[in-house]
Amino acid sequence: MTDLLLATTNAGKRREFGRLLAHLPGRVVGPEEAGVELDVPEPFHTYHENARAKAEAYARVSGLLTLADDSGLEVAALDWGPGVRTGRYGGPDVADKVAYLLEQLRGVTDRRCRMVCVLALAIPGAGEPRIELFSGVMQGIVATRPRGEGGFGYDPIFLLPAGITTAELPEDEKDRLSHRGRAVQAATPRLVELLAG
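Whatever position you read off the sequence shown (first residue = 1), add 75 for this note's numbering.
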């Protein structure tokens, strides 16, 4: 068994991935535990490219099997944006981002949206790390106001077909339905193979 480096410093993602990856053999470590301090730019126009850049950078420095993600909210009325710009959309503060998005959609009837996650798995070896990609999508609509205390980011306004937001779901249910949960489900057989080998 070996360690899996989770290449993120985002506290919300760390908690969520910690739950999603808890069933794996081996140990999931963060950058601090691996002694890695990096600031990897995400200048690309696709989730795949941004996730790949992070996974490659962290794997090169650490020598560890590395998992990185890029994810975003896509809203039909915003031409399926902000997408890869989600992290920079509406300001640095999460509450400001949510308020800004709701303001952009004031009076809009088509509130369809989706959350997208792409995982890049970097497998170190001789030369550059090999990259394998996995993805997950969760469909919903943007609520007219925040609801619920769970999750993080846009969860309080991401309304599922069942009529509740992802911030109102129990953690285990959110993990089963979420874009990150689905991406991890897709990646799990490969992760188990590599970590148990």
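We put the beta carbon where it would ideally sit given N, CA and C, even for glycine.
Residues that Thr240 bridges to, as DSSP identifies them: Leu234
Three-state secondary structure assigned by DSSP to Leu269: helix
Close beta carbons around His120, own chain, < 8 Å, minus the five adjacent residues each side: Val159
Pick from Ala132, Thr84, Val104, Pro100 that is closest to Ala271, judged by C-alpha positions: Pro100
Selected residue, minimal CA-CA separation from Glu112, among Tyr175, Pro157, Leu252, Thr84: Thr84
Reference Gly93; option with closest CA among Ala143, Gly200, Leu208: Ala143
Host alpha helix (DSSP H) of Ala109 (start-end): 106–109
Beta carbon of Val259 nearer than 9 Å to that of Leu95: yes
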